[in-house]
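Numbering-wise, the sequence shown is residues 114 to 288 according to my numbering. We treat Cβ as the ideally placed atom computed from N, Cα and C, and that holds for glycine. Please read the structure below before turning to the comments.
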Amino acid sequence: MDEKKINNKIMRIIVGDITERNTDAIVNAANNYLKHGGGVAGAIVRKGGYIIQEESDRIGFVPTGSAAITSAGSLKTKYVIHAVGPKWGEGDEENKLKSAVLSSLRKAEEYQLKSISFPAISSGIYGCPKSMVAKILVTTVAEYLKSQSTSLETIEFCLFDEETYRYFKQEFDKI
Ligand code: AR6
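Encoded structure:
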């Protein structure tokens, strides 16, 4: 675990299972149709309950680089913010990823949330390099905290394995 203060807000990196986090919201690495099958998405629905899939089905399509919000079923968190990151190779991955992060932060803001936890969006099934994902996620959140007044007091990255954590730690240390 490591954390930094930016404008009196906390930016944190941890190794863990995001479905266990009790932040106000957790972010899901979703696809355009919010069909939550594998990866973090599958784990969220398996643990939180099918209500999350049902609410997602009512939302329907979410463009790449955007985010939608549902309740969180029986998870410890209150909301799931479904962010759609890019697939590696489709083009303009960095901008789309940045946009997915900013859309998630704006959703959290709309709901006046105080804390949010992000996974390494697009770095699993979607195949983006972990180094790129770490750079975009960490710099986007750091810039956001520097430049905005926000309801968010804590923004964390919950990384599933030590290798991903090391990539995030490298970027974190540059801030
Ligand atoms: N907690 C935290 N991180 C996790 C967890 C967990 N429980 N499980 C996996 N990760 P992925 P993507 C990490 O594949 O690449 C789904 O089918 C994982 O190690 O979940 O954006 C969706 O429905 C990796 O570093 O998301 C989409 O179709 C990161 O989370 C598609 O996969 C993201 O991996 C999205 O692919």
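> Is there at least one non-hydrogen atom of the ligand AR6 closer than 7 Å to the beta-carbon of F130?
Replying inline: Inspection of the sequence shows that residue 130 is occupied by Asp rather than by Phe. Checking the Cβ of D130 against the ligand AR6 gives yes.
>> To test your reading of the DSSP string, which unbroken beta strand (DSSP E) runs of 3 or more residues are found completely within the segment 206-281?
In response: Segments of the beta strand (DSSP E) lying fully in the segment 206-281: 228-231, 267-272.
> Can we count I234 as close to the ligand AR6, meaning its CB is less than 7 Å from some heavy atom?
Replying inline: In terms of side-chain proximity, the C-beta atom of I234 is found nearer than 7 Å to a non-hydrogen atom of the ligand AR6.
> What distance in whole Å lies between the Cβ atoms of N141 and I157, which are believed to be in contact at a cut-off of 8 Å?
Replying inline: Their Cβ separation, rounded to whole angstroms, is 5 Å, which keeps I157 and N141 in contact under 8 Å.
> So, using beta-carbon positions, are V251 and F281 closer together than 8 Å?
Replying inline: A contact, by the Cβ cut-off of 8 Å.
> What is the DSSP secondary structure of S187, reduced to helix, strand or coil?
Replying inline: In this structure, S187 counts as coil in the three-state DSSP scheme.
> For D170, does the three-state DSSP call read helix, strand or coil?
Replying inline: In the three-state reduction of the DSSP assignment, D170 falls in the helix class, which pools H, G and I.
>> Does the beta-carbon of H195, which I'm using as the reference point, lie nearer than 7 Å to any heavy atom of the ligand AR6?
In response: H195 Cβ: outside cutoff for every heavy atom of the ligand AR6.
> Would you report the Cα separation of Y146 and D115, rounded to the nearest angstrom?
Replying inline: Near 34 Å, if we compare the C-alpha coordinates of D115 and Y146.
> Apart from the five residues just before and just after S184, which ones in its own chain have a Cβ nearer than 8 Å to its Cβ?
Replying inline: Spatial neighbours of S184 in its own chain (CB-CB distance under 8 Å, excluding positions within 5 residues in sequence) are listed in chain order as I164, I165, E168, K191, Y192, V193.
> Which term fits R134, buried or exposed, when burial requires 16 or more other beta carbons within 10 angstroms of its beta carbon?
Replying inline: Buried is the label assigned to R134, since at least 16 other Cβ atoms lie within 10 Å of its Cβ.
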